[in-house]
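Okay, structure first, notes after.
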Amino acid sequence: MAHTRPRKRSLVECLDGSSVDTYKFRILLPSGGITDLILRDPGASMFMEEFVGYVRREFERCEKSSADPKPSIMWDADIYLEDMSENKIKRRLIFNHFKTNKLHILRLHDGTGQNVNTYKNMWDLTPDTELLSELPAEYTFETALADLIDNSLQAIWSNGVGERRLVSVTVDEQGILIFDTGAGMDGSDENSIVKWGKFGLSNHRSSRGLAIGGKPPYLMPLFGMFGYGGPIASMHLGRRALVSSKTKESKKVYTLFLEREALLNKCVWRTDGGIRSSFEDEIQLSSHGSFTKVEIQELKTRSLETSQLQCRLKDIYFPYIQCDDMLSSRKTTMPIEFQVNGVNLAEIDGGEVAVTNWHSCNGPEFVLQLRFVKQGADASGISGSRKLQEANARLKCVYFPIVEGKESIDRILEKLEAEGCGITENFENFCRVCIRRLGRLLPDARWVGPTMEPTCGQFCRMRE
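Residues in the sequence shown are numbered consecutively from 31, following the working numbering.
Structure (structure tokens):
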């Protein structure tokens with residue numbers, strides 16, 4: 031290793047420091063630990079020995095305050111660094127190769143041959159305290175699973191032409207696995223996997239305003255409202271979760287670990303993470319090279335039976351699975367590919383939506399288009415200011431006739447009961463109103479409707 035005398039400079043700070051022109055590094059150590067540091071005004075380049083010296087001093091400073099066993103690192107060996115594109119840095123660090131004020135992850139090799147894929151406390155998920163007051167008071171298995179699927183649906187919606195739009199859900203006794211072929215995440219500031227696990231940081235939250243407006247049937251799955259659906263939903267469903275993700279640009283898969291008990295017992299939420307190569311099945315499912323996979327283990331709540339789960343998820347995301355409402359075409363389209371336990375939901379005939387559609391009248395539909403504008407909306411020309419003051423809704427009424435002396439709703443209830451869809455309603459209290467937000471069914475918004483008396487004989491069902 032080249033030797034040089036260190037120059038005097040105010041270089042090393044903890045990562046919570048701030049400076050306009052700084053270089054931020056997270057060093058992954060061969061022992062499975064990490065060291066964070068900031069270099070300020072380091073010049074154009076730095077010999078490896080000097081850089082490793084700063085890493086070592088920061089590492090030893092942090093280890094003094096730690097009660098954990100001290101890992102062994104061969105600091106005097108032939109050390110080199112490796113970036114996430116697998117470029118090796120052996121003699122000199124050239125700072126023009128790194129962006130200022132951005133976090134850069136480098137792996138340190140000390141010649142011992144140790145090669146770990148998981149690093150302790152790699153990601154900081156500590157939330158802003160004000161966000162904790164917004165947490166949902168109640169969750170069910172269905173709503174928690176749907177929150178995770180919402181993330182996947184939004185991720186794949188921006189895929190380009192020729193890129194697969196796949197959401198795959200597997201539920202069994204071992205746990206839950208949700209896989210999507212969206213843009214994925216990595217270790218960069220812009221697409222950091224930390225945003226999936228940290229409250230309020232999700233990229234989906236910042237894009238929710240883009241869903242306002244558009245044309246019916248409003249298939250724009252920008253569902254994010256608060257930015258914490260992923261961690262809250264996964265920790266409701268199970269005690270442990272592993273998130274693995276890759277972008278098209280990154281050569282490696284980035285991982286993030288969540289453990290419910292560990293997070294609840296800490297005031298600072300640092301969690302383990304890792305970097306690995308893609309598995310063969312991941313490559314086959316997403317040939318364009320990006321994906322996100324969420325694996326939940328040690329389930330806390332019981333799942334629905336497989337056929338019931340398939341029908342229920344098809345109900346919730348029906349317009350995204352098979353859409354008959356596109357105004358430009360009378361053909362049925364399949365915007366996404368949605369699999370549950372290996373079965374494409376477009377091939378399933380059951381579910382409340384499919385059954386009610388089958389038994390509804392084929393005559394002309396009554397559709398009422400509504401647009402709401404809040405009084406005093408800002409028309410000053412500021413970009414996006416007026417959009418957030420607008421809302422659109424479509425009321426679609428469908429007639430359910432009496433066929434051969436029998437109410438269509440009675441036939442629907444009989445069919446759903448025979449399929450084991452778990453409907454507990456009867457003719458009098460069967461839901462006549464379905465509410466969707468951006469094409470996604472709100473499962474808890476079930477009501478008969480204020481103007482629909484069951485003694486009328488015939489009914490119209492407001493489906494959106």
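Just so you know, even glycine gets a beta-carbon here, dropped at the ideal spot from N, CA and C.
Because the structure is a prediction, the values reported are computed rather than measured.
By a C-beta neighbour count over all protein chains shown, 10 Å radius and 16 as the cutoff for buried, is residue i buried or exposed?
i	result
Ile313	exposed
Ala213	buried
Met104	exposed
Trp226	buried
Val199	buried
Asn456	exposed
Thr454	exposed
Gly192	exposed
Arg87	exposed
Glu310	exposed
Asn117	exposed
Gly469	buried
Asp66	buried
From residue i to residue j, what does the alpha carbon distance come to, in whole angstroms?
i	j	result
Val463	Gly260	29 Å
Glu291	Glu458	45 Å
Phe253	Asp177	9 Å
Ala448	Asp440	12 Å
Thr362	Tyr350	11 Å
Ile68	Ile135	12 Å
Gly73	Phe125	8 Å
Val433	Lys245	35 Å
Met215	Lys120	28 Å
Phe348	Ile223	29 Å
Thr331	Leu471	22 Å
Ile179	Leu111	38 Å
Pro365	Thr277	22 Å
Gly83	Phe89	10 Å
Arg306	Tyr248	38 Å
Gly319	Tyr284	13 Å
Pro36	Asn145	With a pLDDT of only 43 at Pro36, under 50, the local geometry of the prediction cannot be trusted, and no value is derived from it.
Val85	Asn147	20 Å
Arg270	Leu196	24 Å
Ala407	Glu420	With a pLDDT of only 46 at Ala407, under the threshold of 50, the placement of this residue in the model should not be trusted, and no figure is reported.
Gly141	Asp106	10 Å
Phe430	Leu398	18 Å
Arg424	Pro251	16 Å
Leu334	Leu267	13 Å
Gly143	Ser308	21 Å
Cys391	Cys427	11 Å
Lys404	Gly190	35 Å
Thr170	His127	48 Å
Asp71	Trp187	42 Å
For residue i and residue j, which I take to be in contact (beta-carbon distance under 8 Å), what is that distance rounded to the nearest angstrom?
i	j	result
Lys281	Met114	7 Å
Arg194	Glu367	7 Å
Ala185	Asp210	5 Å
Met265	Leu288	6 Å
So, for residue i: in the same chain, excluding its five sequence neighbours on each side, which residues have a beta-carbon less than 6 Å away from its beta-carbon?
i	result
Arg300	Asn151 and Asp154
Asn422	Arg401
Gly411	Per-residue confidence for Gly411 stands at a pLDDT of 45, beneath the threshold of 50, marking its modelled position as unreliable; the derived number appears in the next sentence. Counting only Cβ-Cβ distances below 6 Å, and skipping sequence neighbours, we find nothing.
Among the residues of its own chain, which have a CB less than 7 Å from the CB of residue i, if the five just before and after it don't count?
i	result
Lys445	Val385
Glu172	Arg342 and Pro473
Met149	Rather than Met, the amino acid found at residue 149 in this sequence is Tyr. The residues are Leu58, Gly62, Gly63, Ile64, Asp302, Gly303 and Gly304.
Val370	Val199, Leu339, Gln340 and Leu343
Phe460	Ile439 and Leu443
Gln352	Thr362, Met364 and Ala376
*For the 8 Å Cβ check, are there 3 or more pairs between the stretch 119-136 and the stretch 49-67?*
yes
_Pairs of beta-carbons, one from the stretch 201-208 and one from the stretch 306-326, closer than 8 Å: are there three or more?_
yes
*Does the pairing of the stretch 374-383 with the stretch 332-352 give three or more beta-carbon distances under 8 Å?*
yes
*Using 8 Å as the Cβ pair cut-off and three pairs as the minimum, do the stretch 425-444 and the stretch 368-375 touch?*
no
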